[in-house]
Structure formats: C-alpha cells, structure tokens
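J.: Those protein sequence lines, which keep their order, are chains W and H.
In this text, residue positions in the first sequence follow full-length UniProt numbering: the first is 1, and each later residue adds one.
In this text, residue positions in the second sequence follow full-length UniProt numbering: the first is 1, and each later residue adds one.
The structure is given below, and queries will be raised subsequently.
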Amino acid sequence: MPKSSKVAAPAQPAGTAESGASVRLSVRKTYKLYIGGKFPRSESGRTFVVDGDNVALASRKDARDAVVAARAAQPGWAGATAYNRGQVLYRVAEMVEARRAEFAALGVAAGELDAVIDRWVWYAGWADKIAQVTGGANPVAGPFFNISAPEPTGVVAVVAPPTLLGLVSVIAPAVVTGNTAVVLAADPQIAITLAEAFATSDVPGGVVNVLTGRYAETAPWLAAHADVNALDLTGVESAELAAELERAAAGTLKRVLRPPAGGADFTADPGLRPMTALLETKTVWHPKGF
Amino acid sequence: MFEYAPAPESRSVVDIADSYGLFIDGEFRAPADGDAFKTINPASEEVLAEVATAGPEDVDRAVAAARRAFPAWSALPGAERSKYLFRIARIIQERSRELAVLESLDNGKPIKETRDVDLPLVAAHFFYYAGWADKLAYAGFGPDPRPIGVAGQVIPWNFPLLMLAWKVAPALATGNTVVLKPAETTPLSALFFADVCRQAELPPGVVNIVTGAGDTGAYLVAHPDVDKVAFTGSTEVGREIARTVAGTGKRLTLELGGKAANIVFDDAPIDQAVEGIVDGIFFNQGHVCCAGSRLLVQESVADHLMDSLKRRMATLRVGDPLDKNTDVGAINSAAQLARIRELSEIGAQEGAERWSPPCELPERGFWFAPTVFTGVTQAHRIAREEIFGPVLSVLTFRTPAEAIEKANNTPYGLSAGVWTEKGSRILAVADKLRAGVIWANTFNKFDPASPFGGYKESGYGREGGRHGLEAYLA
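In structure tokens:
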C-alpha cells in the first residue's frame with residue numbers, strides 16, 4: 001500500500017456520505033526526479049517500486065543533466081547576497097515545518113523533524129557569517145592589504161544518507177555557501193518530498209537536484225565527471241565502493257568528503273567542517289601606497 | 001645594458017660533504033641497500049655530493065622513527081614545542097648566508113633571490129608557526145585540536161628549503177612528526193636542515209629526511225603507518241597520489257601546477273605592470289607553480305606594453321647564480337630544460353611568434369633565455385600546459401568579460417594577477433577569477449601569514465596562515 005494513502009483523508013462535507021464513507025479515491029503522488037527546478041521522469045523511462053509507489057530510477061544521463069543544471073545555477077546562487085541565501089534557506093525551514101504531516105506519514109519521527117527544521121534554521125544563519133569566521137585580513141610583512149575569503153567550490157555531488165536529518169545535514173552545508181548540489185537520495189519519497197519544499201521556497205532551480213535510484217549505479221559517473229568539483233560520500237555504506245569513488249574523483253582532483261569513520265551522528269553539533277570542506281580560500285593582495 | 005663587473009658571492013661559506021646518508025631518528029645513516037645518486041650544480045654540471053637513495057626498508061625505518069617520536073612530541077606542552085620552532089627559526093637566520101649559497105649551488109637560482117626571498121621567508125615561516133604551537137585552541141578548529149600523527153611530506157625542487165619550511169613548520173607546531181622527502185635534484189638544503197634540527201636539539205625522530213627519486217616518494221606516500229600526506233609538485237603526480245591515498249583514510253593536501261593569467265587592463269600603470277610581468281614569469285627561472293605564464297593584455301595597449309616588456313627583458317642578466325648581479329639563473333635540470341625546449345618548439349610550430357632578447361648563455365650547465373610568445377591563442381599548448389620555465393605566452397582581450405573567460409579557461413586555479421588603476425574593477429575581477437591567490441597590481445608575493453593554495457586541479461588545502469594549520473589537525 002502506498003505510504004501516501006496513509007495520510008488521513010479530510011472529513012467529507014456533510015451530506016455527501018450517504019452512499020458510504022470510502023467511495024472517494026485518494027490522489028496519489030508521482031515520485032519523479034528533481035532537476036533544474038522541475039520534476040522530470042527519468043530519461044531512461046525506468047522506475048522501481050518503493051512501498052508500492054513507482055519511483056523514478058535515475059540513469060547516467062539523468063546524472064549528467066543534473067550536473068548541467070547545477071553548473072548553470074551555480075554562478076547566480078553564489079552571486080546572490082549571503083543575506084538572500086540565508087533568507088531562502090530559512091524559507092525552506094518554513095516549508096518543511098508546513099509539511100510535518102506529510103513527513104510524519106513517511107515515517108519521520110516528530111523529534112527528528114524538529115531537529116531537521118532546527119538544522120535548516122541553523123545553517124540559514126551561517127550564510128552571512130561563515131566568511132567572517134573563516135576569512136579575514138592577514139598581517140603580512142610588507143605594505144600590502146591582504147585578505148582571505150571563502151568561496152564555494154562549485155558543483156558538489158552528494159551520496160546522501162537515508163534519514164531526513166542525514167539528508168538535510170549534507171545538503172544544507174553544501175548550498176548555504178553558494179555551491180549547487182546533485183544529490184543521490186537513499187529514501188526517494190522523503191527526498192522528493194523535501195525537493196517539493198525547495199521548489200516552493202525560492203531556491204532557484206538547479207541549486208539542489210535530487211536523483212532517486214541506485215547510487216552505486218550513478219555515483220561512479222559523478223565521481224569521474226569533469227564538471228563536478230567535490231564529492232560527498234557521507235551516505236556510502238560500503239568501504240570498497242567509497243574507495244573506488246575516491247579513486248575516480250582523483251582523476252580531476254575533486255575535493256572528497258569521506259564517509260565518517262564509525263558512522264555519522266547527525267544529532268551532534270556538525271561544527272564547521274561540513275561547510276569548510278566545500279569551500280575554497282581566495283587570498284587577494286594589493287599594495288598600499290600614496 | 002650597463003656593464004657590471006662580476007660580484008660573486010663566496011662559495012667558501014658552505015662546506016658540502018662528499019656524501020650524505022639518510023637522516024633517521026636523529027642521526028645520519030647509510031641506506032639499507034647502499035644505493036646513492038649524485039646531485040649536481042645545474043649552472044656548471046659539477047657534482048656537489050653523493051646522496052643516499054632511500055628504499056622501502058629505509059622509508060620503513062624513518063616512518064617507524066617518526067611513529068616512536070610521536071607520543072612524546074605530541075604530548076609536549078605547546079609552549080615547549082613552540083620554543084623548539086623558535087630555535088629553528090633563529091638558527092636559520094644565523095646560518096642564512098650559508099644556506100642561501102648552498103641553495104643557489106644545488107638549485108641554480110640566483111643568490112639575490114635565495115638571499116633576499118627564500119631564506120628570509122624560511123625563517124619567517126618557522127617563526128610564524130612557532131607562535132601557533134601553544135595557541136591552537138584559539139585557531140577555530142574546535143576547542144581541543146589534536147595532531148594527526150606521522151606526516152609523509154614530498155616537496156619539489158623549485159624552492160627546496162622554503163617548501164620544506166611550508167611543510168615542516170605547521171606539522172611540528174601542531175604536534176605531528178614528519179618524514180620528508182626532498183626532490184631528487186635538490187636534496188642538500190633538506191640535509192643541512194637536518195643539522196639545524198640537531199643544533200636545535202629537536203628530539204630524535206621528530207623530523208626524518210629520506211632522499212631519493214620518485215620511487216622513494218611513492219613508498220612514503222603509500223606507507224601504511226603514515227597518517228597524513230602533503231605533496232607539492234606536478235598535477236600529474238598529485239593525481240597519482242590522490243589515487244594511492246583513496247580508501248586508506250589518510251589525510252591529504254596537494255599543492256600542484258598552475259597556468260596563471262596575468263591580466264593587464266588599458267588603464268594599468270604600464271611600467272609597474274611590466275615589472276610585475278617580468279617578476280611573474282622570470283622570477284626563479286619561471287620554476288614557479290603560481291608563475292604568471294599567460295599574459296592577457298587589453299588589445300588597445302598591447303603594442304605599447306610589448307615594446308616596454310621587450311626593452312625590460314633585454315636588461316635581464318642571465319648567468320652565474322652566485323653573481324649578485326644575476327637576475328635569471330640556471331634551469332634546474334637537464335630534464336626540465338628538455339621540457340622547456342620541447343614546449344617552446346611546439347609553440348613556434350603551432351604558429352605563435354617567439355622572441356628572446358640577445359643573451360649570451362654560459363657554455364656549461366642548463367640555460368634557457370627569457371622567452372616571450374605573441375599571437376598565442378587559447379588552443380595553443382603553450383597557453384594550456386604548464387611549461388615551468390622562463391617562457392611567457394601573450395594573449396589579448398577586448399572586454400573585462402573576455403579577460404575573465406580566458407583567465408578561467410584552464411583546469412588549473414592556483415593564482416592570477418590583475419593590473420588596473422580602477423579599484424572597483426580589481427575587486428570585481430578578483431571575485432570572478434577562480435584561483436586561490438590573486439595579486440592585484442603586484443605579483444609573486446608570499447608571506448607566512450597569507451594562505452596559499454589552489455582551486456580546481458591546482459590541488460586542495462592551504463599552506464600558510466591560520467588556514468595552514470587545518471591540514472595537520474585531526
């Protein structure tokens with residue numbers, strides 16, 4: 001039985017129930033991919049069944065299309081003011097809050113949902129603060145103005161962990177600083193429902209792209225893709241596959257976030273590392289003089 | 001060009017032994033299988049010394065020594081580690097003339113540069129990181145920053161002692177122990193540094209030096225008891241190291257190649273820009289990963305700028321590295337000279353126009369005259385590949401957007417230069433350039449407080465400044 005039908009139906013208007021309470025068929029959701037702000041089916045036409053729902057099974061071509069969308073969106077997103085990015089991410093928290101019932105129906109516990117929403121808010125606040133914490137003036141020995149500032153590394157491919165809190169904990173730090181992401185989701189229904197929150201939150205199309213399916217099939221293409229700058233392997237369970245993906249990433253010297261040793265604890269304070277691992281430091285020198 | 005009488009620096013300030021062993025656990029020892037190689041002076045091809053080749057067994061011993069030294073070194077109060085590094089900085093200052101001459105002999109770079117750039121920066125780097133050793137909790141990497149363990153470090157031949165300082169100083173300040181492999185063609189200053197460590201009474205095993213070629217580096221990088229790998233060198237080798245390290249959990253930082261754009265706008269002060277262009281590509285014989293090897297000139301000032309640049313290039317003095325008048329020294333090795341020659345020939349074959357000033361080159365040794373190519377397009381190999389020599393490729397542009405597009409049209413992203421009198425243009429262009437270091441109205445400036453490192457295929461991680469600590473903290 002599709003999970004979506006677990007959502008309680010609203011009460012029927014009075015006077016329409018004479019012929020029995022269960023005549024109305026619920027309208028089911030079609031779970032598709034999320035690429036460039038749209039919800040396309042897989043170009044391959046493939047689906048797989050999850051809890052009775054037919055879910056799009058992303059292909060290599062879908063992964064490449066998602067990279068194109070992410071690359072196209074990146075300069076605009078990075079060029080938006082940090083204040084603006086922070087507000088957009090805060091808006092995501094609002095939209096997730098509004099979808100609590102839907103996430104609950106997908107099996108996300110109330111406590112986890114609280115943590116998910118609070119994490120969005122936490123990261124939203126970082127948008128216009130991370131540069132001050134990780135950058136600043138450098139006291140060089142000479143008549144120069146010298147300043148370092150973080151910049152997004154570009155397009156990040158993410159193998160996401162299965163829980164909603166895990167998913168949010170890898171997407172938010174990637175995009176808050178101006179990167180765009182191609183996310184290989186583990187739980188398709190949760191991920192696509194989150195994508196619906198993005199689609200209604202002023203997150204520009206292409207900033208987050210979500211592919212559902214088998215990451216073991218799509219991740220190697222992203223790991224070797226020459227237009228991907230970084231690879232987050234947090235959701236990879238097999239050490240062997242993680243090593244293989246890291247080797248593939250070496251071909252273009254991608255920044256790689258390895259799966260956390262001993263498993264990730266997403267309830268802990270994430271610290272700065274999830275953000276700084278996907279940032280470059282740019283240092284600018286200029287002479288001082290009259 | 002003015003005639004100058006030669007002003008040679010004295011060789012007698014440095015005493016080079018006939019042969020050197022490996023520095024492991026605080027003493028020099030012979031390699032397990034007795035293999036050795038010769039290091040030569042590239043300006044004369046004279047053999048300077050015979051140096052041990054470290055094989056797998058030697059690398060094993062060096063890593064074991066570093067591992068044994070790690071618990072005590074990392075447990076030392078930061079203030080104590082700090083004082084060791086201050087001692088090292090002071091000893092380098094005291095021995096800087098000797099080390100400068102040594103570096104010029106083994107590398108071929110002019111004494112003016114080793115004396116005024118390399119050695120002062122080496123000392124400054126140790127001085128800078130010495131002060132961090134007891135302040136790590138304030139560095140922004142969490143309340144209880146811990147060292148990683150044994151660091152395996154592989155460095156290039158272009159700035160031998162400076163690259164050693166960039167690697168060793170932050171590693172020791174953070175409580176790691178190191179095994180360092182200097183480049184095959186420039187091992188001597190690292191071996192002299194071993195003596196600096198001895199003078200500073202650094203505990204045995206905290207710094208180990210293994211000499212050799214690529215094989216020695218490969219053993220070190222792949223060694224299972226190395227926790228952290230740091231490499232400076234070519235992008236090709238960097239990729240190989242990243243593959244080797246994949247799946248091992250070792251931490252890795254890479255500082256790799258570059259093909260920096262040096263962008264000159266029509267309102268730039270041309271004479272200053274010319275100085276910056278010359279410094280950008282002819283400093284250190286162009287053996288600089290962040291060299292300004294692609295000059296992008298706005299079309300309207302290109303002719304004027306090229307006239308000035310050629311005039312200035314004609315005054316560069318190429319020759320004896322130990323002569324204090326020398327601007328451009330010897331190419332570091334026969335292999336590097338062959339590569340520079342090959343790419344330069346390809347540049348001419350592909351249709352770019354080649355020019356060098358009249359320039360008398362010494363008969364012995366490895367030499368290459370400062371060279372500029374005009375009429376270069378983005379498709380030319382001399383515009384795409386790192387030459388790592390005194391060869392400048394000149395391209396033109398009409399609009400700022402075109403300049404940015406061309407500057408970023410490379411897999412590298414280490415550095416870039418911008419020349420314009422307009423402040424807002426500097427800031428806007430600097431924002432758009434995908435490179436780790438941007439020099440505006442200057443070029444090739446370095447400082448221990450200033451983070452250095454690349455975007456894209458120029459590698460990852462930063463060396464220098466507070467940022468440089470991160471690579472050595474768990």
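We put the CB at the ideal spot given by N, CA and C, even for glycine.
What you are looking at is a predicted structure, and each value in this text was computed from that prediction instead of being measured.
(1) Within the same chain, show all residues whose beta-carbon is closer than 8 Å to that of aspartate 225(H), passing over the 5 residues directly before and after it, in chain order.
(2) At least one CB of chain W closer than 9 Å to the CB of histidine 223(H): is that the case?
(3) Excluding sequence positions up to five away, which residues of its chain have a Cβ less than 8 Å from the Cβ of valine 245(H)?
(4) Between the alpha carbons of tryptophan 132(H) and alanine 171(H), how many angstroms are there, rounded?
(5) At least one CB of chain H closer than 9 Å to the CB of glutamate 280(W): is that the case?
(6) To the nearest whole angstrom, what separates the beta carbons of isoleucine 117(W) and threonine 177(W), a pair I think is in contact under 8 Å?
(7) Which residue comes first and which comes last in the alpha helix (DSSP H) that contains lysine 135(H)?
(8) Leaving out five residues on either side along the sequence, give the residues of the same chain with a beta carbon under 8 Å from the beta carbon of tyrosine 20(H).
(9) How about valine 155(W) and valine 183(W): do their beta carbons lie closer than 9 Å?
(10) What residue from Gly280(H), Arg61(H) and Ala403(H) has the CA that sits closest to valine 207(H)'s CA?
(11) Serine 300(H) touches chain W at which residues, Cβ-Cβ below 9 Å?
(12) Is DSSP giving arginine 46(W) helix, strand or coil here?
(13) To the nearest angstrom, how far is it from the Cα of tyrosine 412(H) to the Cα of glutamate 102(W)?
(14) Distance, Cα to Cα, lysine 29(W) vs valine 49(W)?
(15) Threshold first: 4 residues or longer. Then list the alpha helix (DSSP H) segments lying entirely within the stretch 282-367 of chain H, N to C.
(16) What does the Cβ neighbour count give for glycine 262(W), buried or exposed, with the cut at 16 atoms within 10 Å?
(17) Is the Cβ of methionine 275(W) closer than 9 Å to any Cβ of chain H?
(18) Who does lysine 38(W) pair with in a DSSP beta bridge?
(19) In the DSSP assignment, what are the bridge partners of threonine 281(W)?
(20) Take residue 499(H) as the anchor and find which of Phe2(H), Leu136(H), Val372(H) and Ser458(H) has the nearest alpha-carbon.
(21) Do you know offhand how far glycine 142(H)'s Cα is from tryptophan 73(H)'s?
(22) Check whether the stretch 269-279 of chain H touches the stretch 261-277 of chain W, taking contact to mean three or more Cβ pairs, one atom from each stretch, closer than 8 Å.
(23) Determine whether the beta carbon atoms of proline 77(H) and alanine 474(H) lie at a separation below 9 Å.
(24) Near serine 234(H), what residues of its chain come up, given a Cβ to Cβ distance below 7 Å and the 5 sequence neighbours on each side ignored?
(25) Check the Cβ-Cβ distances between serine 44(W) and every residue of chain H, and say whether any is below 9 Å.
(26) Reducing DSSP to helix, strand and coil, say where glutamate 45(H) ends up.
(27) Look at the alpha carbon of glutamate 244(W) and the alpha carbon of glycine 247(H), and state the distance between them as a whole number of angstroms.
(28) List the residues of chain W whose Cβ lies closer than 8 Å to the Cβ of tyrosine 129(H), in chain order.
(29) Would you kindly work out how many angstroms separate the C-alpha atoms of alanine 9(W) and arginine 99(W), rounded to a whole number?
(30) Across which residues does DSSP place leucine 395(H) in a beta bridge pair?
(31) If I'm right that valine 418(H) touches isoleucine 270(H) with Cβ under 8 Å, what's the distance once you round it to whole angstroms?
(32) My guess is that arginine 46(W) and aspartate 227(W) are in contact by the Cβ rule of under 8 Å, so how many angstroms apart are they, rounded?
(33) Excluding sequence positions up to five away, which residues of its chain have a Cβ less than 8 Å from the Cβ of alanine 248(W)?
(34) DSSP on lysine 456(H), reduced to helix/strand/coil?
(35) Excluding the 5 residues flanking alanine 36(H) on each side, which residues of the same chain have their C-beta closer than 8 Å to its C-beta?
T.: Taking the coordinates as given:
(1) Locating residue 225(H) in the second sequence gives position 225, counting from the first residue. If we look at aspartate 225(H) and ignore the five residues flanking it on each side, its Cβ neighbours are Val63, Ala64, Arg67 and Val150.
(2) Numbered from 1 along the second sequence, position 223 holds the residue referred to as residue 223(H). By this cut-off, histidine 223(H) is not an interface position.
(3) The residue you call residue 245(H) lines up with position 245 of the second sequence. Cβ neighbours of valine 245(H) within its own chain (closer than 8 Å, five residues either side excluded): Val221, Val229 and Leu252.
(4) If you number the second sequence from 1, residue 132(H) lands on position 132. If you number the second sequence from 1, residue 171(H) lands on position 171. The straight-line gap separating the alpha-carbon atoms of tryptophan 132(H) and alanine 171(H) is approximately 11 Å.
(5) Here residue 280(W) refers to the residue found at position 280 of the first sequence. By this cut-off, glutamate 280(W) is an interface position.
(6) Along the first sequence, one-based indexing puts residue 117(W) at 117. Along the first sequence, one-based indexing puts residue 177(W) at 177. Beta-carbon to beta-carbon, isoleucine 117(W) and threonine 177(W) are separated by about 20 Å, too far to satisfy the 8 Å threshold.
(7) Counting from one through the second sequence, the residue named residue 135(H) turns up at place 135. From DSSP, lysine 135(H) is part of no alpha helix (DSSP H); its letter is neither H nor E.
(8) Looking up residue 20(H) in the second sequence gives position 20. Taking C-beta separations shorter than 8 Å and ignoring five residues to either side along the sequence, the partners of tyrosine 20(H) in its chain run Phe28, Ala49, Glu50, Val51, Ala52, Pro187, Leu188, Leu191 and Thr211, following chain order.
(9) Translated into positions along the first sequence, residue 155(W) becomes position 155. Translated into positions along the first sequence, residue 183(W) becomes position 183. At least 9 Å separates the beta-carbon of valine 155(W) from that of valine 183(W).
(10) Here residue 207(H) refers to the residue found at position 207 when the second sequence is read from its first residue. When only C-alpha atoms are compared, the closest one is Arg61(H).
(11) Here residue 300(H) is taken as the residue at index 300 of the second sequence, counted from 1. Ordered by position in chain W, no residue passes the 9 Å Cβ test against serine 300(H), which lies about 24 Å from the chain.
(12) Your numbering for residue 46(W) matches position 46 in the first sequence. DSSP places arginine 46(W) in coil when its eight states are reduced to three.
(13) Against the second sequence, residue 412(H) aligns to sequence position 412. Against the first sequence, residue 102(W) aligns to sequence position 102. If you take the alpha carbons of tyrosine 412(H) and glutamate 102(W), they lie about 46 Å apart.
(14) Numbered from its first residue, the first sequence carries residue 29(W) at position 29. Numbered from its first residue, the first sequence carries residue 49(W) at position 49. Their Cα atoms are separated by approximately 13 Å.
(15) Fully enclosed alpha helix (DSSP H) runs of 4 or longer: 299-313 and 334-349.
(16) In the first sequence, the residue the question calls residue 262(W) occupies position 262. Glycine 262(W) comes out exposed.
(17) Along the first sequence, one-based indexing puts residue 275(W) at 275. Judged by the 9 Å Cβ criterion, methionine 275(W) is not in contact with chain H.
(18) Position 38 of the first sequence, counted from the first residue, corresponds to residue 38(W). Answer is Ile35(W).
(19) On the first sequence, residue 281(W) is found 281 positions in, with the first residue counted as 1. Bridge partners of threonine 281(W): Pro150(W).
(20) Beyond the ends of chain H as shown, which are 1 and 474, falls residue 499(H); an answer cannot be given.
(21) Translated into positions along the second sequence, residue 142(H) becomes position 142. Translated into positions along the second sequence, residue 73(H) becomes position 73. Here the C-alpha atom of glycine 142(H) lies approximately 21 Å from the C-alpha atom of tryptophan 73(H).
(22) Touching, no.
(23) Taking the first residue of the second sequence as 1, we reach residue 77(H) at position 77. Taking the first residue of the second sequence as 1, we reach residue 474(H) at position 474. Not a contact, by the Cβ cut-off of 9 Å.
(24) Residue numbering aside, residue 234(H) sits at position 234 when the second sequence is read from its first letter. Answer for serine 234(H): Leu256 and Gly257, listed in chain order.
(25) To locate residue 44(W), count along the first sequence from 1; it is residue 44. For serine 44(W), the answer is no, since every Cβ of chain H falls outside 9 Å of its Cβ.
(26) Looking up residue 45(H) in the second sequence gives position 45. Coil.
(27) Working through the first sequence from its first residue, we reach residue 244(W) at position 244. Working through the second sequence from its first residue, we reach residue 247(H) at position 247. If I take the Cα positions, the gap works out to 7 Å.
(28) As a working mapping, residue 129(H) is identified with position 129 in the second sequence. Chain W residues near tyrosine 129(H): none, gap ~14 Å exceeds 8 Å.
(29) As a working note, residue 9(W) is residue 9 in the first sequence. As a working note, residue 99(W) is residue 99 in the first sequence. For alanine 9(W), the predicted structure reports a pLDDT of 45, less than 50, and the residue's modelled location is therefore unreliable. A value from the coordinates is still provided. Rounded to whole angstroms, alanine 9(W) to arginine 99(W) spans 15 Å at the Cα level.
(30) Taking the second sequence and counting its residues from 1, one reaches residue 395(H) at position 395. Residue pairing of leucine 395(H) in beta bridges, as defined by DSSP: Leu296(H).
(31) Residue numbering aside, residue 418(H) sits at position 418 when the second sequence is read from its first letter. Residue numbering aside, residue 270(H) sits at position 270 when the second sequence is read from its first letter. That pair is no contact at about 15 Å.
(32) Here residue 46(W) refers to the residue found at position 46 when the first sequence is read from its first residue. Here residue 227(W) refers to the residue found at position 227 when the first sequence is read from its first residue. Between arginine 46(W) and aspartate 227(W) a beta carbon distance of about 24 Å is seen, past the 8 Å cut, so the two are scored as non-contacting.
(33) Along the first sequence, read from residue 1 onward, the residue named residue 248(W) stands at position 248. Sequence-distant Cβ neighbours of alanine 248(W) in its own chain, meaning closer than 8 Å and more than five residues away, are Pro220, Ala223 and Ala224.
(34) Counting from 1 along the second sequence, the entry for residue 456(H) is found at position 456. Annotated three-state conformation of lysine 456(H) is helix, per DSSP.
(35) As a first step, residue 36(H) must be located in the second sequence, where it is residue number 36. If we look at alanine 36(H) and ignore the five residues flanking it on each side, its Cβ neighbours are Ser19, Glu50, Val51, Ala52 and Thr53.
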